[in-house]
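Heads up, the thing below is written out as structure tokens.
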């Protein structure tokens, strides 16, 4: 009899353990950022301690929002969690299905699904030119929160809401630069003869960061006019000082400077701030050019005829809200609403950076022409003798 009871108890415990394992919430899946094939995940909302501190009115409003949202996302895990994870905490009766992939891949998918959309929102991977050339893929919607955005990142096309920005800058390896006996505080300093062949930059014809940096140089050194001769005069001189070296990899730029291969790199702030945040950035300086820099916004949009239209609008309202944008202010990613002070000590507040307004429409519609002119100048200087500092 004792043996039977022991056996029954063991079986009961085993069944209980299996039941717990089945009911336990699975950890969030890691989203593949490669562009080979989109990956699909489902995420349920979960209440947080912060929600219990909300006012009764806010909790009721959140409780009124429910349904399932399908998000096509280009974002990595940290960024996705910041936008979508916080949305799910804010609205506990909502679930989200995520399809993750590259920007071009997802835009192609949206075009192929036109008339019978399978997604509701595209999150990330959208730039100004998309609003001009692919506007028919997206629903017209301007969030009330757009009124709080700086003029440079307002939703002027009615299609794309800007949620993050990329600011270009220089990265300096302090020890390596000291070997050359010069200082670098801006664009003009990159023309110093001591730095000939010692500057690493990404190719503006094949990398997005390289293009953003070329657009910034033309704008800033052209006194706000990217088509001016002054901007191109500067670019011509910079090409001469690059000494035939260019990188086909954006990441190779900041990595090479961080590792001490080059004293100066022309890059963007996200990876540089990450070095500082990770506690391994003491050897580098992040330099915002004294002449000025520019902002490139990245956005989200509601897919045309989305099946969950009302919920999609709630999502856009959330990611453009001061509350959500304030969360970005504590991260390594600069939000679109730069009126909100940064709280990350390694991310310089926008009020301390000199910005020059860029003509996004001109740059978007003339990108191919500008890249072609860069190629002509480069070929005139070096012919086929280009050294690709590959990743």
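Numbering (my numbering), first residue to last: 820 to 1210. Note that CB positions come from ideal geometry on N, CA and C, so glycine has one too. None of the values given here were measured: they were computed from a predicted structure.
How big is the Cα-Cα spacing for residue i and residue j?
| i | j | result |
| --- | --- | --- |
| residue 1007 | residue 1104 | 17 Å |
| residue 1026 | residue 1201 | 20 Å |
| residue 966 | residue 1001 | 44 Å |
| residue 939 | residue 951 | 20 Å |
| residue 1095 | residue 1101 | 7 Å |
| residue 881 | residue 947 | 32 Å |
| residue 905 | residue 1131 | 15 Å |
| residue 1137 | residue 1143 | 7 Å |
| residue 1162 | residue 1149 | 5 Å |
| residue 999 | residue 989 | 17 Å |
| residue 1187 | residue 886 | 42 Å |
| residue 1028 | residue 1069 | 6 Å |
| residue 918 | residue 924 | 11 Å |
| residue 1134 | residue 932 | 21 Å |
| residue 894 | residue 1108 | 28 Å |
| residue 996 | residue 1073 | 14 Å |
| residue 884 | residue 941 | 20 Å |
| residue 909 | residue 902 | 11 Å |
| residue 1043 | residue 994 | 34 Å |
| residue 1118 | residue 1003 | 32 Å |
| residue 930 | residue 1056 | 42 Å |
| residue 1147 | residue 1199 | 43 Å |
| residue 871 | residue 983 | At residue 871, the pLDDT of 35 sits below 50, so the modelled position is not reliable; the number obtained from the coordinates is stated separately. Roughly 29 Å between the two C-alpha positions. |
| residue 969 | residue 1081 | 36 Å |
| residue 1046 | residue 1011 | 25 Å |
| residue 1164 | residue 992 | 20 Å |
| residue 944 | residue 934 | 22 Å |
| residue 1060 | residue 1172 | 26 Å |
| residue 1123 | residue 936 | 7 Å |
| residue 1121 | residue 911 | 21 Å |
Alpha carbons only, please: which of the options is nearest the one belonging to residue i?
| i | options | result |
| --- | --- | --- |
| residue 1112 | 1151, 987, 976, 928 | 987 |
| residue 1034 | 1199, 1190, 898, 1196 | 1190 |
| residue 1062 | 977, 960, 1014 | 1014 |
| residue 1160 | 1173, 1172, 1145 | 1145 |
| residue 1076 | 1046, 1018, 979, 1128 | 1018 |
| residue 1184 | 1106, 949, 971, 1081 | 949 |
| residue 1110 | 928, 977, 1041, 900 | 1041 |
| residue 1009 | 1053, 994, 1192 | 1053 |
| residue 1181 | 1078, 1038, 1165 | 1038 |
| residue 1168 | 1178, 1152, 928 | 1152 |
| residue 956 | 1177, 1171, 1125, 1176 | 1125 |
| residue 1116 | 920, 1176, 928, 1203 | 1176 |
| residue 953 | 970, 976, 971, 972 | 976 |
| residue 1097 | 1166, 935, 1173, 944 | 1166 |
| residue 1114 | 1089, 1123, 1121 | 1089 |
| residue 891 | 922, 907, 958 | 922 |
| residue 1083 | 958, 1005, 1193 | 1005 |
| residue 1178 | 1207, 1093, 1121, 1036 | 1036 |
Leaving aside the five residues before and after residue i along the sequence, list all residues of the same chain whose C-beta is less than 8 Å from its C-beta, in chain order.
| i | result |
| --- | --- |
| residue 1032 | 987, 1020, 1021, 1023, 1085, 1086, 1087 |
| residue 1197 | 1058, 1065, 1205 |
| residue 1195 | none |
| residue 1141 | 964, 967, 1156, 1159 |
| residue 888 | 913, 914, 915, 916, 939, 940, 1127, 1130, 1131, 1134 |
| residue 1221 | Past the edges of the chain, shown from 820 to 1210, lies residue 1221, and the structure says nothing about it. |
| residue 1091 | 988, 990, 1073, 1100, 1103, 1105 |
| residue 849 | For residue 849, the predicted model reports a pLDDT of 30, less than 50, meaning its position is unreliable; a value from the coordinates is still stated below. Excluding sequence neighbours, residue 849 sits near 896. |
| residue 1170 | 1160 |
State the start and end residues of the unbroken beta strand (DSSP E) segment that holds residue i.
| i | result |
| --- | --- |
| residue 990 | 980-992 |
| residue 887 | 886-892 |
| residue 1135 | Segment 1128-1138 is the alpha helix (DSSP H) holding residue 1135; no beta strand (DSSP E) there. |
| residue 1087 | 1083-1087 |
| residue 941 | 940-945 |
| residue 770 | Examination of residue 770 is not possible in this model, given that the chain is present from 820 through 1210 alone. |
| residue 1103 | 1103-1106 |
| residue 1118 | 1114-1121 |
| residue 1020 | 1018-1020 |
Which residue comes first and which comes last in the alpha helix (DSSP H) that contains residue i?
| i | result |
| --- | --- |
| residue 882 | 875-882 |
| residue 1008 | Neither: residue 1008 is in no alpha helix (DSSP H) and is coded neither H nor E. |
| residue 1187 | 1186-1201 |
| residue 906 | 905-909 |
| residue 922 | 922-931 |
| residue 897 | 896-899 |
| residue 1148 | Premise fails: residue 1148 is in no alpha helix (DSSP H) and is neither H nor E. |
| residue 1038 | 1027-1040 |
Can you give me the Cβ contacts of residue i inside the same chain, cut-off strictly under 6 Å, excluding the 5 residues immediately before and after it?
| i | result |
| --- | --- |
| residue 1139 | 962, 964, 980 |
| residue 1030 | 1023 |
| residue 1016 | 1062 |
| residue 972 | 981, 1116, 1155 |
Please work out which residues of its chain come closer than 7 Å, Cβ to Cβ, to residue i, disregarding the five sequence neighbours upstream and downstream, and give them in chain order.
| i | result |
| --- | --- |
| residue 845 | The predicted model places residue 845 with a pLDDT of 31, which falls under 50 and marks its position as unreliable; any figure quoted below should be read in that light. Correct list: empty, nothing qualifies. |
| residue 868 | Residue confidence is low: residue 868 scores 41 on pLDDT, short of 50, so the model does not pin down where it sits. Its coordinate-derived value is still stated next. Closer than 7 Å at Cβ, skipping near neighbours: no residue. |
| residue 1049 | 1040, 1041, 1042 |
Next item on the list: Run through the segment 1049-1079 for me and flag every whole alpha helix (DSSP H) of 4 or more residues, listed as ranges in chain order.
Entry: Under the rule that a run must span 4 or more residues, the alpha helix (DSSP H) segments found entirely inside the segment 1049-1079 read 1069-1077.
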